[in-house]
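Heads up: the sequence shown begins at 145 in the numbering used here, then just goes up one per residue. Just so it is clear, CB atoms sit at the ideal spot from N, CA and C, and this is done for glycine as well. All values reported here derive from a predicted model rather than from experimental measurement.
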Amino acid sequence: MTMRWEAFLDQVQERGEYGTPQEAERAARTVLALLGAHLVGEVRAELAARLPETFALILLNPLQTAEPLSPERFVRATAAWIEGATEQTATWDVGAVLSVTVDAAGEDITRRVLLQLPPGYDLLFGHPQCT
């Protein structure tokens, strides 16, 4: 089931402790655009189907990246795309957005998303994998 725009944004705003919905939306747009560059095929399409339409389109039309980014570089890239962000605030942004994305995606899709990403993303998603 697709998560509604308001519900997704409200949860990002709450988890990120943003003062305005615009701040939450800015973080969501940036993080999902970067995430989309790392996902391919059915997994990306299935994840997009669980997101509100605007965010689904961002995920499906991602920012370009030459290679998969490590979790640390993903956070740095997020900081670079958000005006005034630092690595510390970008870590917060990534965590807020990806934890809501996990809620929207469900367990199965989240597991398959994490299989496409470099090691360590499970922590960014707030979804540590047991080994």
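Practice task
Tell me, to the nearest whole angstrom, how far the beta carbon of G203 is from that of G185; I am working on the premise that it is less than 8 Å.
Solution key: Checking the sequence, you will find Leu at residue 203 rather than Gly. Wrong, their Cβ atoms sit about 13 Å apart, outside the cutoff.
Exercise for the section: Determine the extent of the alpha helix (DSSP H) in which F265 is found, giving its start and end residues. Expected result: Correcting the residue identity first, residue 265 is Tyr in this sequence and not Phe. Segment 265 to 268, the alpha helix (DSSP H) holding Y265.
Problem - Residues of its chain near P142, where Cβ-Cβ distance is below 6 Å and the 5 sequence neighbours each way are ignored - result: Not covered by the structure: residue 142. The range shown for the chain is 145 to 275.
Handout entry: Presumed contact (8 Å Cβ cut-off) between P196 and M147, rounded CB distance
Key = 6 Å
Problem - Three-way DSSP call (helix, strand, coil) for G180 in this model - result: helix
Handout entry: Residue range of the alpha helix (DSSP H) that includes G185
Key = 185 to 194
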